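First residue of the sequence shown? That's 1 in UniProt numbering, and the numbers climb one at a time after it.
Heads up: the structure comes next, in structure tokens.
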Amino acid sequence: MSGSLTVVVQTGAVDAVLAPLYWFLSYWSDVMFWLARGTGLELLEYQFMHRAILVGLCIGVMAPLIGTFLVHRQLALIGDALAHTAFAGVAVGLFVNAVFDLGVSPYLTAVVVAMIAALLIELISEVTDAYNDVSMAIVLSTGFALGTVLISVNAGGLAVGVNQYLFGNLATVSAENAVLLLVLFGVIVATVALTRNQLLYVTFDETAAAVSGIRVSWYNRVMVMLTALVVVGAMQIMGVILVAAMLVVPVAGAAQVSRSFTESLLVSVVLAELSVLLGIGFAYYGEATAGGVIVLVAVAVYVLTVAVGKVQSRGSDGAADVGSIDPAADESSAD
1 MSGSLTVVVQ TGAVDAVLAP LYWFLSYWSD VMFWLARGTG LELLEYQFMH RAILVGLCIG
61 VMAPLIGTFL VHRQLALIGD ALAHTAFAGV AVGLFVNAVF DLGVSPYLTA VVVAMIAALL
121 IELISEVTDA YNDVSMAIVL STGFALGTVL ISVNAGGLAV GVNQYLFGNL ATVSAENAVL
181 LLVLFGVIVA TVALTRNQLL YVTFDETAAA VSGIRVSWYN RVMVMLTALV VVGAMQIMGV
241 ILVAAMLVVP VAGAAQVSRS FTESLLVSVV LAELSVLLGI GFAYYGEATA GGVIVLVAVA
301 VYVLTVAVGK VQSRGSDGAA DVGSIDPAAD ESSAD
């Protein structure tokens with residue numbers, strides 16, 4: 001009896017915490033309906049598109065926010081590794097639901113598995129002295145292998161459509177998944193805001209950061225775990241196969257026209273938001289897969305920034321690229 005009471009109390013507490021987020025979703029839909037009446041845009045007339053647009057806007061902030069650190073640390077492919085292990089997390093959730101009928105969200109199990117995988121990447125690098133790309137390849141292969149095995153196993157007639165997880169789907173962004181994304185968004189933004197100086201120091205000079213007393217290994221773990229959260233959040237629209245692109249492409253584009261880390265971060269967010277909004281619009285009206293269209297738009301924006309950077313270089317010392325961002329141009333430094 002006491003155990004049941006504890007579960008009820010805990011569930012009630014969780015519902016109380018999440019209630020404002022569901023209210024926000026409702027308010028967001030009201031705003032979208034108002035915009036639909038004012039603009040006549042058909043895609044704004046459906047609630048599933050309201051959730052998809054909101055998730056896309058959050059991804060447009062989260063992905064470049066973390067991707068800027070990753071690209072300048074030459075860890076661009078870690079997003080791909082964690083995306084494949086997140087797929088294993090989805091497979092675990094689907095398998096458990098099919099066998100035990102627990103009703104667990106596959107995206108929740110994806111968060112757990114992706115974070116474990118992120119820590120394993122760091123652990124393998126530290127224990128074996130292997131390069132980061134080696135540990136990422138090991139975790140990627142293991143995660144995707146586990147996912148494919150669980151999906152292929154016939155457990156009591158288990159049959160699962162995995163296309164939405166591989167390629168993303170605008171129509172499958174439920175209210176529960178949108179709320180989960182909002183929680184991840186809050187955690188990621190708050191963590192980066194609190195640890196920004198330390199992460200910046202570790203990104204550009206690990207040795208100096210360690211000498212100054214910064215716990216480099218701790219902040220490395222923080223970064224890979226934040227990456228895991230971004231990957232799972234973006235997977236709803238981008239899918240496993242394409243999610244890594246949003247961590248890299250907008251950042252690479254921003255680096256062509258930016259000279260400081262902060263400027264690069266802000267520009268990459270703008271480029272990511274532009275890619276997401278245009279991509280969702282083109283995908284809806286063209287009846288195409290949203291993730292693929294968003295990536296293609298992001299690549300087109302990248303090509304445009306390269307052209308702009310070349311034009312700028314004719315009248316200056318040269319446009320900035322990924323290797324020429326100057327952290328000293330930022331006003332703040334690590335404590």
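Quick reminder that beta carbons are idealized off the backbone N, C-alpha and C, glycines included.
No experiment lies behind these values; they were computed from the predicted model shown.
Whether residue i touches residue j by CB criterion (8 Å)
{"i": "Phe167", "j": "Phe87", "result": "no"}
{"i": "Ala63", "j": "Met246", "result": "yes"}
{"i": "Ile237", "j": "Gly292", "result": "no"}
{"i": "Leu82", "j": "Ala36", "result": "no"}
{"i": "Ile66", "j": "Thr172", "result": "no"}
{"i": "Val231", "j": "Val299", "result": "no"}
{"i": "Gly239", "j": "Cys58", "result": "no"}
{"i": "Leu54", "j": "Trp28", "result": "yes"}
{"i": "Leu18", "j": "Val179", "result": "yes"}
{"i": "Val71", "j": "Val269", "result": "no"}
{"i": "Ala117", "j": "Thr85", "result": "yes"}
{"i": "Gly79", "j": "Ala244", "result": "yes"}
{"i": "Ile280", "j": "Leu170", "result": "yes"}
{"i": "Val192", "j": "Gly56", "result": "no"}
{"i": "Val301", "j": "Leu274", "result": "yes"}
Three-state class that DSSP yields for residue i in the structure shown
{"i": "Arg73", "result": "coil"}
{"i": "Pro20", "result": "helix"}
{"i": "Ala221", "result": "What sits at residue 221 in the sequence shown is Arg, not Ala. Arg221: helix per DSSP, three-state reduction."}
{"i": "Asp205", "result": "coil"}
{"i": "Leu41", "result": "coil"}
{"i": "Thr227", "result": "helix"}
{"i": "Glu287", "result": "coil"}
{"i": "Ile78", "result": "helix"}
{"i": "Ser105", "result": "coil"}
{"i": "Ile214", "result": "coil"}
{"i": "Ala118", "result": "helix"}
{"i": "Val243", "result": "coil"}
{"i": "Val179", "result": "helix"}
{"i": "Gly253", "result": "helix"}
{"i": "Gly156", "result": "Summary for Gly156: the model assigns pLDDT 47, below 50, so the residue's position carries little reliability; its value from the coordinates is reported in the next sentence. It is coil, neither helix nor strand."}
Distance between residue j and residue i (C-alpha atoms, nearest Å)
{"i": "Asn177", "j": "Gln312", "result": "42 Å"}
{"i": "Gly253", "j": "Thr305", "result": "6 Å"}
{"i": "Leu296", "j": "Ala272", "result": "12 Å"}
{"i": "Ala210", "j": "Gln198", "result": "10 Å"}
{"i": "Trp218", "j": "Val257", "result": "32 Å"}
{"i": "Thr207", "j": "Phe69", "result": "17 Å"}
{"i": "Leu77", "j": "Val134", "result": "11 Å"}
{"i": "Met32", "j": "Gly103", "result": "30 Å"}
{"i": "Val99", "j": "Gly93", "result": "10 Å"}
{"i": "Val224", "j": "Glu122", "result": "8 Å"}
{"i": "Ala91", "j": "Thr195", "result": "33 Å"}
{"i": "Thr142", "j": "Arg314", "result": "48 Å"}
{"i": "Leu184", "j": "Ala307", "result": "35 Å"}
{"i": "Leu25", "j": "Ser125", "result": "41 Å"}
{"i": "Ser260", "j": "Val149", "result": "45 Å"}
{"i": "Arg73", "j": "Tyr201", "result": "11 Å"}
{"i": "Leu119", "j": "Arg221", "result": "6 Å"}
{"i": "Ile241", "j": "Met136", "result": "16 Å"}
{"i": "Pro20", "j": "Gly147", "result": "34 Å"}
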